[in-house]
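Quick note, in the working numbering, the sequence shown goes up one by one and the last residue is 514.
For every residue, glycine included, the Cβ atom is placed at its ideal position computed from N, Cα and C.
Single-structure report; data block below.
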Amino acid sequence: MRLQKYMALCGVASRRKSEEIILEGRVKVNNKVVDVLGTLVDTKEDKVYVDDKRILLENRKIYIMLNKPVGYVSTLKDEKGRKIVTDLIEGVSERIYPVGRLDADTTGLLLLTNDGEMTNKLTHPSNKVEKKYIAIVEGVPNKVELEKIRNGIYIDGKKTAPAKVKIAKNYIDESILDIEIHEGRNRQVKKMCEAINHPVKKLKRVSIGQLQLGGLLTGNWRFLNEEETNYLKSL
280 MRLQKYMALC
290 GVASRRKSEE
300 IILEGRVKVN
310 NKVVDVLGTL
320 VDTKEDKVYV
330 DDKRILLENR
340 KIYIMLNKPV
350 GYVSTLKDEK
360 GRKIVTDLIE
370 GVSERIYPVG
380 RLDADTTGLL
390 LLTNDGEMTN
400 KLTHPSNKVE
410 KKYIAIVEGV
420 PNKVELEKIR
430 NGIYIDGKKT
440 APAKVKIAKN
450 YIDESILDIE
460 IHEGRNRQVK
470 KMCEAINHPV
480 KKLKRVSIGQ
490 LQLGGLLTGN
500 WRFLNEEETN
510 YLKSL
C-alpha cells in the first residue's frame, strides 16, 4: 500500500496532508526516514512512525461534529502555542484529526475523524459538497456585488466556482449573508467578501452537505448518528 494511503487509513490526516508530512521528513519506515511520495509499505510487516510515534490501522472509525469556538486552530499542533480543536474532545482514545480547516476566529461546524478515505470524499472538489456559512460583513452588498460572488470572483489570481449568496438581514452599517460554497480554498469566504469591499466581521459555518450544526452549543461536540454516518458513506 502507498505510504500516504496507509497514513490516512491510520487516521494521521487526509491523504493530501499525509503527503505534506512525508515531504517534511517526519515519517520513518522501519526507523529510516522516508520523504519520497509513492513509497510502498507492507501493512503487516513494516513499522511506520510519524513524529517518532508508531501508527497502526484503527478498527473503529470515529465521526465527530464539533461547534468550534473562537481561538482554536484546526490543526493537530501549533507552532505558536495556540489552543487546538482536539483539546476540546475528551474520552476518545483513537487518533482523530479535523476534516479541512476553520480559521482561529471562525466558529461553527467542524468534523473530526480517523477515516482518511471519508476525508478525501468530503474535501475533494469533484464531489462538490456544499458548505454553508453565515457571515456578518461591513456594509450592505448591492446586486452587482452579489452577482460577482454568484458567478465566480478572482481571488489569489484564480476564479472561484459559482457560489450561492443572499442577504439574510441588513442594517445601516452591516449585513448578514448566507453563503454556500463547495470549494475549500484558504480563507475563501473572507477573501470573496473582501473582493467586493465588504470585509467579514464574523463568520460561522452551519452545515456541510446534509450535516447540520443545529443546536449544538459552542465548544460542545457529539458523535454523528447513524443517519449522518450513512450519508457520509453514500458520498
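For the ligand ZN, is there a heavy atom less than 8 Å away from the beta-carbon of residue i?
i: residue 280; result: Absence of the ligand ZN from the depicted structure is noted, as is the absence of any ligand whatsoever, leaving it without description.
Determine which residues share a DSSP beta bridge with residue i and list them.
i: residue 433; result: 438
i: residue 453; result: 417
i: residue 377; result: 391
i: residue 412; result: 458 and 484
i: residue 368; result: For residue 368, which the question treats as bridged, DSSP gives no partner whatsoever.
i: residue 332; result: 329
i: residue 354; result: Answer is none; residue 354 lacks a bridge partner.
i: residue 363; result: 352
i: residue 446; result: 456
i: residue 312; result: 307
i: residue 490; result: 487
i: residue 386; result: 483
Would you give the residue range spanned by the alpha helix (DSSP H) that residue i belongs to?
i: residue 294; result: 294-302
i: residue 509; result: 505-513
i: residue 471; result: 467-474
i: residue 288; result: 282-288
Check for me: the beta strand (DSSP E) holding residue i runs from which residue to which?
i: residue 306; result: 306-308
i: residue 482; result: 479-487
i: residue 327; result: 327-329
i: residue 277; result: Past the boundaries of the shown model lies residue 277; the chain is included only from 280 to 514, so the question cannot be answered.
i: residue 323; result: Residue 323 -> no beta strand (DSSP E), and no H or E assigned at all.
i: residue 346; result: 342-347
i: residue 501; result: 500-502
To the nearest whole angstrom, what separates the beta carbons of residue i and residue j, a pair I think is in contact under 8 Å?
i: residue 485; j: residue 388; result: 6 Å
i: residue 290; j: residue 424; result: About 42 Å separates the two Cβ atoms, so there is no contact after all.
i: residue 401; j: residue 347; result: No, residue 401 and residue 347 are not in contact; Cβ-Cβ is about 16 Å, not under 8 Å.
i: residue 442; j: residue 459; result: 6 Å
i: residue 355; j: residue 368; result: That pair is no contact at about 12 Å.
i: residue 305; j: residue 325; result: Contact flag wrong, Cβ pair sits at about 16 Å.
i: residue 286; j: residue 319; result: The pair is not a contact, with the Cβ atoms about 13 Å apart (cut-off 8 Å).
i: residue 415; j: residue 359; result: 26 Å between Cβ atoms; not a contact.
Can you list, in chain order, the residues of its chain whose CB lies under 6 Å from that of residue i, leaving out five sequence neighbours each side?
i: residue 396; result: none
i: residue 489; result: 510
i: residue 483; result: 386, 387 and 413
i: residue 497; result: 346 and 348
i: residue 384; result: 349
i: residue 292; result: 376
i: residue 313; result: 306
Give me, in chain order, the residues of the same chain whose beta-carbon lies closer than 7 Å to that of residue i; leave out the 5 immediate sequence neighbours on both sides.
i: residue 393; result: 290, 337, 340, 341, 373, 374 and 375
i: residue 499; result: 346
i: residue 478; result: 416, 417 and 472
i: residue 407; result: 461
Excluding sequence positions up to five away, which residues of its chain have a Cβ less than 8 Å from the Cβ of residue i?
i: residue 512; result: 397
Touch test, the segment 462-470 against the segment 428-445, Cβ-Cβ under 8 Å, three pairs minimum: yes
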